[in-house]
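Read in order, the letters of the sequence shown are residues 68 to 369 in the working numbering.
Where a beta carbon is used, it is the ideal one built from N, C-alpha and C, also for glycine.
Predicted model only: the values in this text are computed from it and were never measured.
Report on one structure; see the data block that follows.
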Amino acid sequence: DDGASGGTISQAFARPFAGDEHRPGIRQRTHHFITLVDVIGTATSWALADLPQEMVLVVKQYRCTHSASCVCLKGHVSEDAMFLVFRHMKWNPRMIAIFSCTCKWFDEIAKRVLWKEFCHARAPKMMQDLHSSGSHVVDGNWKALGKLLIYCSGCTRGGLFGETHVPGHFVYRTRFSRTLGKCLLPPQCRTDVLYVSDSCEHLDLGAEGDVGFFRGIIKSFAVSNTKRMLIEKQVKFHPQEVCPYCKAKLWNLTQSKMIPKSASVRLDAYDDSVEYYICLNGHILGLCALMPISDSEGTKEE
């Protein structure tokens, strides 16, 4: 309760918004903010009860980063409380995304802390490997990596993959494999570590048939053989499109003739149908034409 006025915490936070309800988007942002404040008020006590005494909390940041147009002008909840609440919610990505839209200060906490915790909770072994041997390529890019784990970017007609059009969408669970990633790299780059997702299948797309989208990330891409080879071949960036995960420029590995034949075999795709791009941060997004399983092949397998 707000002791000074007898109202709830969310009502106290809502007062600065009085008179602004007609500003574009203000109602939705305010509703999201008040909802999160109410969640904090009810869930913090549960999270505190589960917290070990010896656990070190997130270091508090006292420098306020509110912009002049920020609707949250009357202070904010501590980072410790935010950490506990989102840990109690098991680092729910939907709630983190809503939380990030509230104001600039919240967005910075999400980028620096919440998305990092989400990535470690979703793919702990993969995250450990990406940071092994002193590699910290993911630092500062946790939001992009979190999106890559749960989002199939699809493609727009006339974009990266010609006339194919598939809207982007979230996926419930995806397996990322180093073994599959090794098959997508040219022989000169097989020492690089590439994690690639299983194909996200989209069937019966008319003339395109059955297609599969895949995505991934190369460990320590800045010092990888793949990047060195792209530079040596003087591969040009795509003139318009950027990475859907981090907005960086993209190289086309198909044009550079760096995609081995083993890629189509491991992806169950037609020969020469695999195409993928890699961005300056090492994120990979690709497309392949999937081969249908015929009755004869099904019988042979049985």
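The distance from the Cβ of N208 to that of C346 is about 11 Å, inconsistent with a contact at the 8 Å cut-off.
Scanning its chain for C-beta atoms nearer than 7 Å, with the 5 sequence neighbours on each side dropped, one finds around F185 the residues W158, P160, I163, G213, in chain order.
Proximity of the region 291–308 to the region 334–343 falls short of the contact definition, fewer than three beta-carbon pairs being nearer than 8 Å. Judged by their CB atoms, C355 and S329 are not nearer to each other than the 9 Å cut-off. At a Cβ-Cβ threshold of 9 Å, V309 and K303 do not count as neighbours. Per DSSP, the unbroken beta strand (DSSP E) holding L354 starts and ends at 350–356. With respect to G283, V263 sits close: the two C-beta atoms are nearer than 9 Å.
Here the alpha carbons of P253 and F153 stand approximately 41 Å from one another. Judged by DSSP secondary structure, H305 falls within the beta strand (DSSP E) whose first and last residues are 304–309. Contact check for P359 against D265 fails: the beta carbons are separated by 9 Å or more.
With respect to the C-alpha of F237, the residue from L215, G226, T246, G225 having the closest C-alpha is L215. Each of P311, G225, P327, Y343 was checked against the Cα of W318, and the nearest Cα belongs to Y343. Between L151 and E268, the C-beta gap is not smaller than 9 Å, which leaves the two residues out of contact. F280: member of the beta strand (DSSP E) spanning 278–285, first to last residue.
Distance check between H350 and each of P191, D147, A177, A211 places A211 closest, using alpha-carbon atoms only. Distance between P306 and G225, taken at the CA atoms: about 13 Å. Positions of the alpha helix (DSSP H) runs, each at least 4 residues long and wholly inside the region 168–222, are given as 171–176, 182–189, 191–197, 209–217 in order along the chain.
One Cα belongs to M156, the other to F288, and the distance between them is close to 33 Å. Inter-residue distance for G279 and T223 is about 15 Å (C-alpha atoms, whole angstroms). Pairing L227 with L320 gives a Cβ-Cβ distance that is not under 9 Å. In this structure, R242 and K249 do not form a Cβ contact; the two beta carbons are roughly 15 Å apart against a cut-off of 8 Å. The Cβ atoms of K286 and L197 lie closer than 9 Å to each other.
The Cβ atoms of L251 and V341 sit closer than 9 Å to each other. For H269, the enclosing beta strand (DSSP E) starts and ends at 267–269. DSSP, reduced to helix, strand and coil, places H232 outside both helices and strands of the structure shown, so it counts as coil. Residue pairing by DSSP places Y343 opposite G353 in a beta bridge. Straight-line spacing of the CA atoms in R333 and F281 works out to 12 Å.
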